Amino acid sequence: MLNQTIRKISYRVALQRLPALLSDAGFRGDTAADAALLAAMSTDNSIYTMMPDIVVAPRDAEDVQRLMRVLEAEDLCDVPVTARGGGTGTNGQSLNAGIIVDFQKYMNRLLNVNVEEQWVEVEPGIVLDELNAQLVGTGLFFAPTTSTASRCTIGGMVSTDASGKGSRRYGKTSDNVLGMEIVLDGGRTLDSDAPTPDWAKTMLLEIEAACRSGRDALLGRVPALSRRFTGYDLERAKPPKGDLEWWRLPIGAEGTLGLVTRVRLRLLRKPKFKRLVVIGFKTFAAALDAGSALLAHDPLAIEVMDEWVQGLADKAGILQALPASLRARDGQPIAYNFVEFVGDDEADLMGRVEALRERALTLAGAIASHVAVDDIEMAALWQVRAASVGLLGKVSGTRRPIAFVEDCVVPVENLAAFVKDFTALLNRHGLNYGMYGHVDVGCLHIRPALDIDREEDRVIMKAISDGVFDLTRRHGGIFWGEHGKGVRGAYLAEFVGAAAYDAFGRVKRAFDPRHRFNPGKLVGDPGSLMGIGTTPFRSVNTDENDPLSLAFKCNGNAQCLSYQRSNVMCPSFKATRDLRHSPKGRADALRHWHQAHRQGHATKELESDVLSALDGCLGCKACATSCPVQVDIPEMKSHFLERFYRKRRRSLADRVALLLEEYSPVLARHRKLAAVFARVFNPLMEKVTGLHDLPLIAFNDVGIGGYQTFCAEVIAQRQWHEDTVFVWQDPFTALFDSQAAMALADGLRGFGYRPVFVSMLPGGKAAHVLGDRTRFFRQARKLRSAIDVVAACGRPMVGVDPAFIMMVRQEYLKAGLTGQPLQLVQEFLNEEIARGRVLPKLATARLPPKLLLHCSESVGAGATAWKKLFAALGASIDVAATGCCGMAGLFGHQQRHQALSRHTFDLSWSGQLQGEREAMVSGFSCRCQTKRFSSIRGEHPMRWMADAIGAE
């Protein structure tokens, strides 16, 4: 142990030279060891944490070879090297000390596709959804489907031999891999599609002998299930009468044999038709018992969700996609089976669906069923099931469902008995738990609720793990059915037996004689492996009133790492593919800083690294709504900045922004003078503050449109017509975009209302973003008081800019400032229509075809409300699916953010605007960004609606 510690100290000193050595060797990728990135890489979707020493992101396979050649140096040859993809592993698979090789950042390309032979070659960092999106035009797809498809990488799927929905028919990842390239020590490369190099011949002979020696022993211990045992696959690597296929051994080996740099995958024809049947049952037991009967109809997949998860989904409001007959009523819980059919013959498919529905409703406990036909509805319903993992992470209290025995697989006929024994074990320990999973293959995800910060619960966790391992064997199953092994590899020797495990060891030594690739996982000498109770645990709780408590609740499920450009979360990660610039990475960094701060060793370097990670946050708030745990990074950033700047001076740009908001009413009163001043001095201001493309103060306010403005106190003293609507502006819209305010008022007037503006007050937006919370509270209280005064008049209140409205709804609420909320104009008009008010129709020909929303609307009900409103007014428009535009208030004006701001715009907005001459754009920031980076005319939707009311 002492020698091992000395070696670690030695290589950690030597690693300080690694960036320079790599640069000298021609390495073109990135190396980083800042605290924020290391914290982000120290966790995955498990309960564990392990801090690496440095993160290396290679650009290509040649970079990987350069890395391994450099690591041949005497003082670096013992450094652990661990591959990482999306970091979605539930058992610490990609966590280790030493070097983490980040493949998702750059090595994410589709290299070659052969449509005729139905295969594709990819780099390991490509995300599953990215791959299938690029294959759309071929009619082919990579079939293994995981619930994390939006962020899991192909390399990670190969590493854990991942599978998911449809695996009974499509198989696991290992059933769909055709070959690979792998880099070993010294940069030596094995390519399954190339002749064997001379240096590898002796090594491969030893591997072949190991496979022969352990194959029969392995098969004698492992059940023959569709979710077969994989990882060090002696069975397929050396069939009795076939040649050695060495490339099958790294599949499921979790990076313990080398660094995979290229994978060839088998593709399948995409089915022409699919249908989804959702069946409700009174109890989870009834849904489970129905499995065999439903399986007789040969569906692609049968997924199940228990009553507890259903209740969480109901509270989260995501069951609205289900028809009323399948939603719980009067507090009565309900369990679901999701049954999917696919095929190329639509009539045959519908026949099978109807036969299943008829049979299902005769089963004990069945309540109702529903068939989804179109892709949008099916996607929405599958999202209900896919949200299970995240919902379980949102459970209140210190005990929350965690993954450590969540993917056992048993024969389908044994599933009910296995679950009975499993739940009895949990009940003996007095634990709550959630269940969902794949009935068709006998694999359920069961997550017991534990407080992993408590030593007592860690003891319980170990006892449950041991008990479930024994139960799985007793019921003829496999302990690791879907999510890989990770630290649970400590059970591997007992499961496969001495002879097979000895063969595994020979394979490991042949590929990795120094035991440097992901050491401590799966195969090693006695005492050298990580275990479920001995690996360091991630802290999951802090005081509920702690403003950074949500950083501790982030469970690494990583929905924020989605690469879908139309998904709002998370723009900075999409643009950089840098984990520290994601909600998960920022939560990890904040948690790490919080713990260091609490223990009294938060260094300036650590704080600067955390600040750098937070600086890239655009504040779109998608994480506050789209994340299952609702990890609100902008809110926590505000609290961090408040502490950070207690002892530091703010930048000139920050001070200018704060003063601009503070004195915005003064500037508004002297608007013309301020407008002239801005036109003269903006260039100088940009030069000295590092700001860019500052907007110009408008010469005129809404009075030019004939609209009156009154302060709240005056409004409270008057009587108002029943058609009066009070309109609220934020400082930035009022100063820089009075045209948008008039557009909204013109639209309301065109619909028969009498808009009246309320005198603009600072709302604290800039103060909140910049962490000046004293200023924020002062401004917010004053504005909240004014809103309450006007609300007492009993007339509707709407805001001009979505970001301003959402701040009043969200930030004010978190600050304890409650009251009647401001409405988005589309919400107000929809309510009016619902009450029976008849509004004039719109002339569709006068409207641009697309509406692009501010991201604060996209993640809420704003998009749906706009669609509903335009439909009610007889107009059909396309609400474009976009992410953040990249402006985000002050962010896009800061010189240091120009490249990121532009790249973010290009990711989704640029494509949506291509070929358009004009568009409806709802947010002030978005209109500024559209003006900067395109030539189209982008106006507030109400401008276009006002012009289209009653027009021919």
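Using my numbering, the letters of the sequence shown map in sequence onto residues 700 to 1651. All C-beta atoms in this analysis are idealised placements derived from N, C-alpha and C, irrespective of residue type, glycine included. This one's a predicted model, so the numbers in the text were calculated from it and none came from an experiment.
Would residue i pass as a contact of residue j if the rule is Cβ separation under 9 Å?
i     : j     : result
K971  : G1042 : yes
I1332 : A1257 : no
A1054 : I978  : no
I1231 : F1103 : yes
A1071 : L1060 : no
G788  : G855  : yes
G1389 : Q1594 : yes
S1271 : G1223 : no
L1572 : L1541 : yes
P1246 : M1268 : no
R1113 : H1174 : Before going further, note that residue 1113 is Asn rather than Arg in the sequence given. A contact, by the Cβ cut-off of 9 Å.
D1169 : C1142 : no
E1334 : E1510 : yes
G1185 : A738  : no
R1264 : T1581 : yes
Mind checking residue i: buried by the 16 CB within 10 Å criterion, or exposed?
i     : result
P843  : buried
K1513 : exposed
L1351 : exposed
L714  : buried
Y1362 : exposed
E1154 : exposed
S793  : buried
D1014 : Sequence inspection shows Lys at residue 1014; the Asp mentioned does not correspond to that position. Answer is exposed; the Cβ neighbour count stays below 16.
H644  : Shown here, the chain extends from 700 to 1651; a query on residue 644 therefore has no answer.
L717  : buried
T1233 : exposed
D923  : According to the sequence as given, residue 923 is Ala; it is not Asp. By the 10 Å Cβ count, A923 comes out exposed.
V814  : exposed
Following the continuous alpha helix (DSSP H) through residue i, name the residue where it begins and the one where it ends.
i     : result
R1173 : 1154-1173
T1324 : 1321-1325
N1529 : 1524-1533
T688  : Residue 688 is absent from the structure shown; the chain starts at 700 and stops at 1651.
W898  : 897-920
Enumerate in chain order the residues of its own chain whose CB-to-CB distance from residue i is below 7 Å, with the five nearest sequence positions on each side excluded.
i     : result
D1500 : D1429, T1432, G1622, F1623
F1251 : S1238, V1239, N1240, T1241, R1290
G728  : V755, A756, P757, R758, D762, Y805
D774  : S709, Y710, A713
M902  : A1209
G1010 : P1032
S1437 : A1397, N1399, D1400, V1401
Starting from the C-beta of residue i, find all residues in its chain whose C-beta is less than 6 Å away, skip the five residues before and the five after it, and write them out in chain order.
i     : result
T1543 : A1574
A760  : T960
E1638 : none
D1005 : F983, A1034, M1134
L701  : No answer about L701 holds up, because its pLDDT of 38 lies below 50 and its placement is not dependable.
Among the residues of its own chain, which have a CB less than 8 Å from the CB of residue i, if the five just before and after it don't count?
i     : result
R1378 : L1395
L918  : E934
T704  : Note that T704 scores 47 on pLDDT, short of 50, meaning its location in the model is unreliable and no value can be drawn from it.
V1167 : V1104, C1107, F1121, L1124, F1178
Assuming residue i is part of the beta strand (DSSP E), what are its boundary residues?
i     : result
G1561 : Per DSSP, G1561 belongs to no beta strand (DSSP E); it is in the alpha helix (DSSP H), 1561-1571.
R974  : 972-980
H1144 : 1142-1149
E880  : 876-882
W1427 : 1423-1427
I1648 : No beta strand (DSSP E) contains I1648, which DSSP labels as neither H nor E.
(request) Evaluate the contact criterion for the region 1215-1223 versus the region 778-795: three or more CB pairs, one atom per stretch, below 8 Å. (result) yes
(message) Assess contact between the region 1614-1626 and the region 1582-1602, defined as three or more Cβ pairs (one per stretch) separated by less than 8 Å. Is contact present?
(response) Output reads yes: the region 1582-1602 touches the region 1614-1626.
(message) Counting beta carbon pairs with one atom in the region 937-945 and one in the region 1194-1205, are three or more of them shorter than 8 Å?
(response) no
(message) Can you confirm whether the region 1624-1638 touches the region 1342-1357 when touching is taken to mean that 3 or more C-beta pairs between the two stretches lie within less than 8 Å?
(response) no
(request) Please determine if the region 861-879 and the region 962-969 are in contact, where contact requires at least 3 C-beta pairs separated by less than 8 Å. (result) The way I'd put it, the region 861-879 does touch the region 962-969; three or more beta-carbon pairs between them come closer than 8 Å.
(message) Quick check: the region 1437-1456 against the region 1640-1651, are at least 3 beta-carbon pairs closer than 8 Å?
(response) Under the Cβ criterion (8 Å, minimum of three pairs), the region 1640-1651 counts as touching the region 1437-1456.
(request) Kindly confirm or deny that the region 1568-1582 and the region 1524-1537 touch, where touching means at least three C-beta pairs closer than 8 Å. (result) yes
(message) With three or more beta-carbon pairs closer than 8 Å as the criterion, would you say the region 1135-1147 touches the region 983-997?
(response) yes
(message) With three or more C-beta pairs closer than 8 Å as the rule, is the region 924-933 touching the region 798-818?
(response) no
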